[in-house]
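In my numbering, the protein residues as written are -7 to 325.
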């Protein structure tokens, strides 16, 4: 709002400029403009202010006075659009701030390093398609040479997905102390997710436990994308088996436990659907084609294999992966 003292200051600057037309008066006008912007004074108010100032300085020709009617209308519309743009900019800045918070939260939830066990290599690649990822993975230390592996895909993006990921992680950390089987873990997580997230959201997950002494992997799946098992002695890849609804869909879901024993040079590949839904030109890559690319990398270490497949798919998709991409490779040495 334009106050009386502000009107007087504007008249003074205008009078001094018309008298001296010096740089000092122009500089004063610039500073006044900044002050008006900080007080959210609208363009039409400034136009009206200038017209009133001219009236105080002397007789104003009629055609000049009349011209201000046109200028005022222009400035009213300009001011409306200017406020709309500022409102959009403020919302955008707020959204960017929320995204930054969600991204930092997600990074803090993911492992900073992979565990190390004898006769086992572990490789991981996890890349967000956008700023915020819906993919989650973790390694959970257990007793007697065993560790848990979780890989999940959370529907939704932004802060809701980050909050859901946080809830899932802390639930796994708490339940992990109970030494639950994979099916029991998913059963408890299903109830927690179902009670605490929006009905439009759900979580797919594979949860397993690897025994580094027996080289046995017991796992269960909750609507998650099946991974692969590579049998070195046969030189073949097999789909991982398992059934069960995604977490948060049905409170009474049951989950099957599967068991795999890894022999030397066998490879276990866990992934999210961002890996299998890679798009090559106009069509999605079939699992048989994915196996073809895995076959070319299977002789490498676990991390090189994960990196190699990611680079292959990135090239195939012309550097435009459509979804979050996460792969965990467990290779018995």
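Beta carbons are placed, not taken as given, at the ideal position from N, Cα and C, and that holds for glycine.
Within the continuous beta strand (DSSP E) that includes residue 147, where are the two ends?
Here the question's residue 147 lines up with position 155 in the chain shown. Run containing residue 147: none; DSSP gives neither H nor E here.
What residue from 184, 124 and 54 has the CA that sits closest to residue 88's CA?
Position 96 of the chain shown, counted from the start, is the residue given in the question as residue 88. It is 124 whose Cα lies nearest to the Cα of residue 88.
Quick one: complete beta strand (DSSP E) runs, 3+ long, within the region 64 to 147?
112 to 119, 127 to 133 and 138 to 146
When the distance is taken between beta carbons, is residue 188 closer than 8 Å to residue 214?
What you label residue 214 is simply residue 222 of the chain shown in a count that begins at 1. What you label residue 188 is simply residue 196 of the chain shown in a count that begins at 1. Result no, Cβ atoms of residue 214 and residue 188 do not sit closer than 8 Å.
Quick one: using the 10 Å Cβ neighbour count with 16 as the cut-off for buried, is residue 220 buried or exposed?
The residue given as residue 220 occupies position 228 in the chain shown. Buried is the call here.
Quick test of the definition: if touching needs 3 or more C-beta pairs under 8 Å, does the region 163 to 182 touch the region 198 to 211?
Three or more beta-carbon pairs separated by less than 8 Å link the region 163 to 182 to the region 198 to 211, which places the two stretches in contact.
Using a Cβ-Cβ cutoff of less than 8 Å, which residues in the same chain neighbour residue 294 once the five nearest sequence positions on both sides are dropped?
Along the chain shown, read from residue 1 onward, the residue named residue 294 stands at position 302. So the list reads 113, 114, 115, 259, 321, 322 and 323, once near-sequence residues are dropped.
Does residue 254 come out as helix, strand or coil in the three-state DSSP assignment?
The sequence position of residue 254 within the chain shown is 262, counting from 1. The answer is coil: DSSP assigns residue 254 none of H, G, I, E or B.
With a cut-off of 8 Å on the beta carbons, I'd call residue 250 and residue 211 a contact; round off their distance for me.
Taking the first residue of the chain shown as position 1, residue 250 is located at position 258. Taking the first residue of the chain shown as position 1, residue 211 is located at position 219. About 6 Å separates the two Cβ atoms, so the contact holds.
Is residue 239 near residue 185, with beta carbons less than 8 Å apart?
For the purposes of this step, residue 239 is taken as the residue at position 247 of the chain shown. For the purposes of this step, residue 185 is taken as the residue at position 193 of the chain shown. Contact: yes.
What span of residues does the beta strand (DSSP E) with residue 221 cover, start to end?
The sequence position of residue 221 within the chain shown is 229, counting from 1. Counting along the chain, the beta strand (DSSP E) containing residue 221 begins and ends at 220 to 223.
In chain order, what residues of the same chain lie with their CB nearer than 7 Å to the CB of residue 309, ignoring the 5 residues before and after it?
Working through the chain shown from its first residue, we reach residue 309 at position 317. Around residue 309: 270, 271 and 272.
Within this structure, are the beta carbons of residue 127 and residue 318 separated by less than 8 Å?
Working through the chain shown from its first residue, we reach residue 127 at position 135. Working through the chain shown from its first residue, we reach residue 318 at position 326. In contact: residue 127 and residue 318 (Cβ atoms closer than 8 Å).
Expressed to the nearest angstrom, what Euclidean distance is found between the alpha-carbon atoms of residue 140 and residue 81?
The residue labelled residue 140 in the question sits at position 148 within the chain shown. The residue labelled residue 81 in the question sits at position 89 within the chain shown. Answer to the nearest angstrom: the Cα atoms are 45 Å apart.
Please check the pair residue 285 and residue 301, which I expect to be a contact at CB under 8 Å, by giving their CB distance rounded to whole angstroms.
Position 293 of the chain shown holds residue 285. Position 309 of the chain shown holds residue 301. At roughly 6 Å, the Cβ-Cβ gap stays under 8 Å, so residue 285 and residue 301 are in contact.
Whole angstroms is fine: what's the gap from residue 30's alpha carbon to residue 62's?
For the purposes of this step, residue 30 is taken as the residue at position 38 of the chain shown. For the purposes of this step, residue 62 is taken as the residue at position 70 of the chain shown. Residue 30 and residue 62: Cα-Cα distance of roughly 26 Å.
So what's residue 159 in DSSP terms, helix, strand or just coil?
As a first step, residue 159 is located in the chain shown; it is residue number 167 there, counting from the start. When secondary structure is reduced to three states using DSSP, residue 159 falls in the helix class.
Short check: CB of residue 339 to CB of residue 225, under 8 Å?
Since the displayed the chain opens at -7 and closes at 325, residue 339 lies outside it and no answer follows.
Within its chain, find whatever has a CB closer than 7 Å to the CB of residue 52; leave out the 5 residues flanking it on each side and keep chain order.
Position 60 of the chain shown, counted from the first residue, corresponds to residue 52. The answer, listed in chain order, is 46.
Does DSSP put residue 192 in a helix, in a strand, or in coil?
Numbered from its first residue, the chain shown carries residue 192 at position 200. Coil.
Quick one, which of 163, 313, 105 and 157 has its alpha-carbon nearest residue 276's?
On the chain shown, position 284 is the one that residue 276 refers to. Here the closest residue by C-alpha is 313.
CB residue 197 to CB residue 147, shorter than 8 Å?
The residue you call residue 197 lines up with position 205 of the chain shown. The residue you call residue 147 lines up with position 155 of the chain shown. For residue 197 and residue 147, no; Cβs fall outside 8 Å.
Quick one: measure Cβ to Cβ for residue 129 and residue 143, integer angstroms, because I've assumed they're closer than 8 Å.
As a first step, residue 129 must be located in the chain shown, where it is residue number 137. As a first step, residue 143 must be located in the chain shown, where it is residue number 151. Indeed, because the Cβ distance is near 5 Å, the residues count as touching under 8 Å.
Roughly how many whole angstroms lie between the Cα atoms of residue 106 and residue 119?
In the chain shown, the residue the question calls residue 106 occupies position 114. In the chain shown, the residue the question calls residue 119 occupies position 127. Near 16 Å, if we compare the C-alpha coordinates of residue 119 and residue 106.
Per DSSP, residue 203 is paired with what?
Position 211 of the chain shown, counting from 1, holds the residue named residue 203. For residue 203, which the question treats as bridged, DSSP gives the partners 138 and 208.
Going by C-alpha distance, which of 19, 137, 131 and 16 is nearest residue 262?
Within the chain shown, residue 262 is the residue found at index 270, counting from 1. Cα-wise, what sits closest to residue 262 is 131.
So, are the CB atoms of residue 9 and residue 22 less than 8 Å apart?
Reading the chain shown from its first residue, position 17 is the one you call residue 9. Reading the chain shown from its first residue, position 30 is the one you call residue 22. No. Outside cutoff.
In the DSSP output, which residue or residues are listed as bridge partners for residue 317?
Position 325 of the chain shown, counting from 1, holds the residue named residue 317. DSSP lists 119 as partners of residue 317.
In the structure shown, what three-state DSSP assignment does residue 230 receive?
Residue 230 sits at position 238 when you count from the first residue of the chain shown. Three-state DSSP puts residue 230 in a strand.
When the Cα of residue 306 is compared with those of 325, 266 and 290, which residue comes out closest?
As a working note, residue 306 is residue 314 in the chain shown. It is 266 whose Cα lies nearest to the Cα of residue 306.
Given a threshold of 16 other Cβ atoms within 10 Å of its Cβ, counted over all protein chains shown, does residue 167 qualify as buried or as exposed?
Taking the first residue of the chain shown as position 1, residue 167 is located at position 175. Counting Cβ neighbours within 10 Å, residue 167 comes out buried, since at least 16 surround it.
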